Structure formats: C-alpha cells, structure tokens
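Notes follow the structure.
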Amino acid sequence: MLTKKRVIATLLSILIMVIIFSLCHHIFAIHPDYPIEFMDEGWDVTINTENYKNIKMSEIFTVMDSKLKHGDVIFMSKTLPDLGKIPFPAISFRSRYTTLECFIDGELIYKYGLTMYREDKFIGKMMHFITLPNYYAGKQITFKMLAEENDAFTVLEGPSLGSTPELRMNFINSHLFIIAAGMALFVFGIVFLMLSLLFVTAIPDIAVQLYSSLMCINLGAWLLSYYNVLSLFVYAPLETQIEYFTLYLIVPFCYIILYCIQKPEKKKLFFAFFIISSLIPFFQFILHFSFNIHLRATLPMYHVDCVVGFIVVIYYTINSIRKKNISSAGMIQMIGLFIFTIAEFIHLIVYILGPQRAQITSLTAKVTIAGGCLFFVICQIAYYLLYITKTFAQRQEYASLSRLAYADGLTNLSNRAKSDKALMDLNKAKTDYCIISIDLNGLKPINDKYGHLSGDKYIKDFAKVLTNTFEELGLCARIGGDEFLVIIEDASDLDIEALIGRMNSALSVMNALYPEYQRSVASGYAYKHECPDKDSHEVYLLADQRMYENKRRMHEELGIALRV
C-alpha cells in the first residue's frame, strides 16, 4: 500500500510539472514575422596583438594560446548581412566578465561596463540587446571587450541579428526549459515556504520541508540568473552577483536537508562538514565586498566544497538504501537530493573541463542541470503529497484511538476516563464551575422485565436528552451503568435548576410518546464556591450526595426501596 501511495504521489508530481511546462510552451511559443540571423561564423578576431581570420565565435578557444588575463583586449569584427526591412533592428549578444563596446563602421553605438572596469568593480555576465541603425546592412560591426577577470571566457555564443521584440522572444524561447524550471522552483519554494511557516508549530518534522522550500527558491534564483534570464523579467543589475551568491549557498543547504532526513549518528563530524561548508561562502562574500577579491576568483573554493558535499551525499544515499534506516517519504527526498547532486557534479565537470574537452552541447548542459533541479522539486512535491497523506491517516488513527479511550461505546458520550481528566483540569480553573451528578431511575427493573436491549435503549434515550440540554454548555459523560455527570466550567450566569427542569420535561415528553416504561432521573449539583479551598473531587462528592438525597425522596414518594 505504501509503495502504491509513493507511485501515485510521484505521478501526481510529474503531472504537475508537465502542466507547468505545457503552459509555458503555449505562452512563450513564437512564430517570428521577420527573419533572425544567427551570426556565429566569419568573425575576424584580434586578441591583444594577435589576429585571426574567419573564426567561429563559439570555437574561439581553438585560436587562444593561453587563458585570458585581466586587461586583455579583444576585438571581433564582421560584416552585417541584409535581412531586408525589419522594424527596430538590433543585435543580441552575451558578454562574459568583460566590458563591451559596439561600433558600426567605427562609430560607437553602445558601451557597457567601462566605469566598473576603471574602478576595478566586478563585471559579470550580461545579455545585451543593442539597437542598430536602420541602414545597418553591409556595414561592419565591431565588438571591443576588456577582460576584467582572469580566464574571462573560452567560448562565446554567437550574436543574433533581427527585430528587437523578436530577439527577446527568441531568447526566451531558446531558454524555455530553464525559465519553466526556474519559475517552478521559485513558485513551489515560496508557496510551500508559506505553508511550512503557517504550520511550523502544528506539524512535527516540518523542518526538512522548510529548508527544502528555501533551497528551491535559491535554486530557482540561481538557475534564472546563471543563464541571464532573470534580468528579462526584473531589473537585476547585480544578476551575476545573485548567481554566485545563490550558487555558494547550494552546498550548505544540501547539508541541512541531509541532516533533517538522516539524523546522522556521528553528529560532531557531520556538523564539522556543515560548519566548514557554511564558512566558505561567508569567507567568499567577505573577500568580495570588503577586499574586492571578486566572487569568480574564489570559485575553486566552491568546487572543492561541492566535491566533498557530493561524496557525503553519495555515502548517505548508499547507506540508506543498504540499511533502509529512513522512512519511504525520507527516501523520496534522499533520491531527489542525490539526483540533483549528480546533475550539479556533471555541471561542475563540464565547467572545469570546458565544452571543448567535455564534448557537451549547450542544450545538453541546460537539460542536465535544469533536469536535476526539476527532479529535486518533483521529489519535494511527491514528499509533500505522501507526507500529507500519511499525516492525515495518522490523525484519523489518533482521533479513532482517542475516541476509543475517552468515549462511551453505548452512548458516544465521554467516559469515566475523560470525566476524571476534566475533573483534574478543574483544579486549575478560576471560574465558578458547576458539577451535576445524575442517576437513572428504574434501570434494573427494565433490564429484568424487558431485557438488556430495552435497558440499553433507555440509556441511549436519556443520553440524547442529556446531550440536547447540556452539550453546548459543558462536558456530558457516562461514568457508570446508570450514572452520568455534567461539568460546566463557568456556571455563574446559568440557571441550573431551569436546565434540569428542561431535561426532566424532555423525559416526560418521551414518556408520553413511548409509554412502554417510565423514564426519570435523580440529580444533584454543586458549585465551586460551595467548597472553598477544596478540589473538584470534593465538589463532585457534594453533588453526588445531593443526587442521592433527591433519589431517596423520589423513591419515598413512590414507595420504592432505595437500591444502594
């Protein structure tokens, strides 16, 4: 049954993802009215004093003898093709850790990052949409770049020429999977973070859900900023800083979630790994903001942290599969974390080796990392669905057990255990409570003459009358075969005599409608103020004594011997 629930939860999660992707594809699908030219080939490149002819921009690494250094100057030139008359002609281009100046036949039409370069500030990646003059066709476009970071880039994506609105939509369409994944992570994280905060005090073991939600938000922000998609939707001049900030927090989040899932036995060793992993990004941020040692310069520290974290996740995943020491819901989260770390590790290898040696396409890289993030969020959704199902079943079971423990099986009223607990709670009460002791008259003769089924019906009939009279005012309980108790926590404004009279009148009506036997009760009640400095048990004894006095009078009037 548990496996079936797990499969259903996973399928529902996948269905939700499919719906999200379908909506995104429907919303962002484009059919351009004007041509778009991808300009990757035929560039003349100059790096400092070295000149190269007819180079593919995406394969610029083939002509680079060494890595770029801070201050290197790169020129790239090409003749613009004629696409005909297009409105708002523009060229889109993504720069990487460099300034950018764009010239048309030697005339400067666009510049970016020069002030930051002069002030030695961090220049990140940026997607540029550069407006061209209407007479662009046949003219020479030149990009001039100054490398701000060492090893600023080894590859560049070729620019695209077309109409500005369609270039933007084409960029969105080419990153649709990234956008869908990032939005899904971000929206899921925010929604479930709010739900987790709402129920943080009511639901046990919610910490892992809380941290998983925060990690989803972090992953969504990282994915969107890594591919420069975030700046298309919001003003984000610090997009690359956001990318590194969220990237460096991924490993600490993995440790926190891993701890919540596993509850490791070697806590000191685990916390040592976690503290070191948390101090690394803190140290990186200090270096960046206080000493101007840019975030990209300390990236190798993250790489080491990432490899160690990957090994730790693998160890705990294998250990969990072998020992089966975590719940099925926890295993779903563990698998999601494991697949994500594999995708992240592959992404790390590709980054270190470079696309020229890793032999992996841009699309494959996108699918790998976005797919890993999505698998993580799918597992979170599956975990939530399974957790909710399990929690609901546990609450149903608890309610059922509580009913068995505190409810009378015949009348469905509270039983003696419940009434004893209520009496103990009254000892803390500051209000003037009232306790009513009630005893059925003539139950034994009815059992003897008509049988126990009739006796049970008598008891249930009275329970209905008692409930209708007192249920909204206090606790109604059956504490013995023919003994009942009513506890009213605040009776200062109530007319107890009138309420008892209403109860007796209801019994009289029932006797008139069903005259096979007579129904009546003896009752007595007592208030807290009648027993100062005494506990609730003493108040109950006083009420019970008055009930027996009432019962004796009733029997004397009818000439019946009192049954003790």
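The opening residue of the sequence shown carries number 16 in this note's numbering; numbering runs sequentially from there. Ideal Cβ placement from N, Cα and C applies to all residues, glycine included. Just so we're clear, the structure is a prediction, and the values are computed from it rather than from any experiment.
- Under the DSSP assignment, residue 281 falls outside any alpha helix (DSSP H); it carries neither an H nor an E label.
- Inclusion of residue 361 and residue 383 in the CB contact set at 8 Å is warranted, their separation being smaller than that value.
- 539 is the residue among 539, 545, 256 whose C-alpha sits nearest the C-alpha of residue 559.
- Taking the CA atoms as reference points, residue 193 sits about 34 Å from residue 286.
- In the same chain as residue 514, and ignoring 5 residues on each side of it, the C-beta atoms closer than 8 Å to its own belong to 484, 485, 488, in chain order.
- When C-alpha distances from residue 536 are compared across 570, 257, 208, the shortest belongs to 570.
- As a beta-bridge residue in DSSP terms, residue 155 pairs with 94.
- The Cβ atoms of residue 288 and residue 270 lie closer than 8 Å to each other.
- The residue from 349, 324, 278 with its alpha-carbon nearest to that of residue 336 is 349.
- Inclusion of residue 301 and residue 352 in the CB contact set at 8 Å is not warranted, their separation being larger than that value.
- Under DSSP, residue 177 forms a beta bridge with 105.
- Counting only unbroken stretches of 3 or more residues, no beta strand (DSSP E) element lies wholly within the stretch 198-241.
- As a beta-bridge residue in DSSP terms, residue 429 pairs with 422, 492.
- Taken through DSSP and simplified to helix, strand or coil, residue 405 comes out as helix.
- With respect to the C-alpha of residue 149, the residue from 479, 105, 343, 132 having the closest C-alpha is 105.
- Scanning its chain for C-beta atoms nearer than 7 Å, with the 5 sequence neighbours on each side dropped, one finds around residue 179 the residues 103, 105, 144, 146, in chain order.
- Closest by C-alpha distance to residue 548, out of 467, 447, 469, 255, is 447.
- DSSP, read as helix, strand or coil, puts residue 539 in strand.
- Sixteen is the threshold: when 16 or more other Cβ atoms of the shown chains lie within 10 Å of the Cβ of residue 433, as they do, the residue is buried.
- For residue 333, the closest C-alpha among the options 277, 322, 291, 499 is that of 277.
- Taking the Cβ atoms as the reference, residue 211 lies roughly 6 Å from residue 228, within the contact range of under 8 Å.
- Restricting attention to 157, 108, 125, the CA atom closest to the CA of residue 177 is found in 108.
- When the five nearest sequence neighbours on each side are left out, the beta carbons in the same chain lying within less than 7 Å of the beta carbon of residue 166 are those of 82, 83, in order along the chain.
- Distance check between residue 340 and each of 309, 499, 279, 555 places 279 closest, using alpha-carbon atoms only.
- Less than 8 Å divides the Cβ of residue 85 from the Cβ of residue 164.
- For the pair residue 142 and residue 243, the CB atoms are nearer than the 8 Å cut-off.
- Taking all protein chains in view, the Cβ of residue 56 is surrounded by fewer than 16 other Cβ atoms within 10 Å, so the residue is classified as exposed.
- Judged by DSSP secondary structure, residue 484 falls within the alpha helix (DSSP H) whose first and last residues are 467-485.
- Here residue 130 is exposed, its C-beta having fewer than 16 other C-beta atoms within 10 Å.
- Residue 169: not part of any alpha helix (DSSP H); DSSP gives it neither H nor E.
- Under the DSSP definition of a beta bridge, residue 498 partners with 454.
- Partner residues in the beta bridge of residue 160, as assigned by DSSP, are 89.
- For residue 517, the closest alpha carbon among the candidates 477, 438, 154 is that of 477.
- In the three-state DSSP reduction, residue 53 falls in the strand class (E or B).
- Under the three-state reduction of DSSP, residue 111 is assigned to strand.
- Annotated three-state conformation of residue 383 is helix, per DSSP.
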